[in-house]
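Numbering (this note's numbering), first residue to last: 897 to 1232.
Structure follows, in structure tokens:
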């Protein structure tokens, strides 16, 4: 793979879901949650600073309500080189209503009054702990709808990042959403609208083929009956015929992430939005990451490889998510 270079600056964002750690195959932790992974963030943030990255930390209640975790993060967040956003995990964010199962772990499946109360508690906790009023937001486990979007606007959130392009499961869907940043329709946030109170900035997801829509249609068709028996997607991945790629060091190798970067830049994307979870930096945790080596080193090395290559071939403009939103809005790029 060879990156081609570009005279136009490419905005680069790294967003980090900053949260508790737990066995993702087990029950959701409620009321009591471990946040030992936060101890890894000062060293990780130093690596980001050395690379020029201006991270956005989407912080959830388990972290913001933990005095030691907040004090640890304040050692670097007060430098002004990153942003604190809000991240709502409904299972460990008061008030508590009932046991949380798979469906209820997605914010969009909860009654709007419960989400409103939880969001208020989260925003108050973030402001008390970090001394800032969060302007950016991501739902826990992705997904956005009319009710949640309206709550965000009323809470003063101006940038949302809950859209996960080309992804759906039985509990939520982002299929059909724009893949570029856009002003969402408040009645249907997966569509572009005319309001300008809140901006949507999806993470970067795509394929190793130029036609993302066709690639996704093929990928989805072979992922379910009657075609899943062919195991086409696995064969296509290993043969490099068709790969779905996430700009995420927990899910994709550096070479694949660079392929995705080249594809989206060739398609005219003005932004690269990488994402990850803070909990994946901790040893012996169950999450997205599967690797034999130290996870902190694995993720740090992957990000370093990608960013170093990008800086060699492109003019990279590192931004927090709110900084990126301001610049993208001024560029007035249409969604696709």
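Glycine is no exception: its CB is placed at the ideal position from the N, C-alpha and C atoms.
These numbers were taken from a predicted model, which means no experiment stands behind them.
- Counting along the chain, the unbroken alpha helix (DSSP H) around residue 946 starts and ends at 937-947.
- Three or more beta-carbon pairs drawn from the region 943-959 and the region 901-917 are found closer than 8 Å, and the two stretches are therefore classed as touching.
- In the structure shown, residue 1033 adopts extended strand secondary structure according to DSSP, grouped into three states.
- Excluding sequence positions up to five before and after residue 1024, its CB lies less than 7 Å from no other CB in the same chain.
- Between residue 1079 and residue 1063, the C-beta spacing is not below 8 Å.
- According to DSSP, residue pairing for residue 1173 in a beta bridge involves 913.
- Per DSSP, residue 1022 is one residue of the alpha helix (DSSP H) stretching across 1008-1026.
- Under the Cβ criterion (8 Å, minimum of three pairs), the region 924-933 counts as touching the region 977-991.
- Per DSSP, the unbroken beta strand (DSSP E) holding residue 981 starts and ends at 979-984.
- When C-alpha distances from residue 979 are compared across 1088, 1104, 1131 and 1031, the shortest belongs to 1031.
- In the DSSP annotation of this structure, the continuous segment of the alpha helix (DSSP H) that includes residue 1195 starts and ends at 1191-1209.
- Selection 1019, 1100 and 1072 evaluated against residue 1088 yields 1072 as nearest (Cα-Cα).
- Nearest to residue 1160 by alpha-carbon distance, out of 1017, 1105 and 1200, is 1105.
- Contact between the region 932-941 and the region 1012-1019 is not established, with fewer than three Cβ pairs separated by less than 8 Å.
- Looking at the DSSP output, residue 930 sits in a beta bridge with 917.
- Between residue 1056 and residue 1094, the C-beta gap is smaller than 8 Å, which places the two residues in contact.
- Put simply, the backbone Cα of residue 1176 is about 26 Å away from that of residue 1212.
- Counting the other CB atoms within 10 Å of its CB gives residue 1077 a total of 16 or more, which places it among the buried residues.
- When the Cα atoms are used, residue 1199 and residue 945 turn out to be separated by approximately 12 Å.
- The alpha-carbon separation between residue 1042 and residue 969 amounts to approximately 32 Å.
- The residues 917, 1174, 1175, 1177 and 1178, in chain order, have a CB closer than 6 Å to that of residue 933 in the same chain once the five nearest residues on each side in sequence are set aside.
- Residue 1166 is positioned such that its CB atom lies no closer than 8 Å to that of residue 1101.
- Cβ atoms of residue 956 and residue 1027 stay farther apart than 8 Å, at about 18 Å.
- Taken in chain order, the complete beta strand (DSSP E) segments of 3 residues or longer contained in the region 1042-1128 are 1084-1088 and 1101-1103.
- Excluding its 5 nearest sequence neighbours in each direction, residue 915 has C-beta neighbours in its own chain below 7 Å: 956, 958, 959, 983, 985, 1173, 1174 and 1175, listed in chain order.
- When the alpha-carbon of residue 1170 is set against those of 1206, 1113, 924 and 1069, the nearest one is in 1206.
- A contact is defined here as three or more CB-CB pairs under 8 Å, and the region 1044-1055 meets this definition with respect to the region 1217-1224.
- In the displayed model, residue 1040 falls within coil according to three-state DSSP, outside both helix and strand.
- By the Cβ-count criterion, residue 1006 is buried, with 16 or more other Cβ atoms from all chains shown falling within 10 Å of its own Cβ.
- According to DSSP, residue 1213 shares a beta bridge with 907.
- Annotated as proximal: residue 981 and residue 1033, with beta-carbon spacing under 8 Å.
- Ranked by Cα distance from residue 1085, the first of 1059, 943, 1068 and 1109 is 1059.
- Put simply, the backbone Cα of residue 1135 is about 12 Å away from that of residue 1127.
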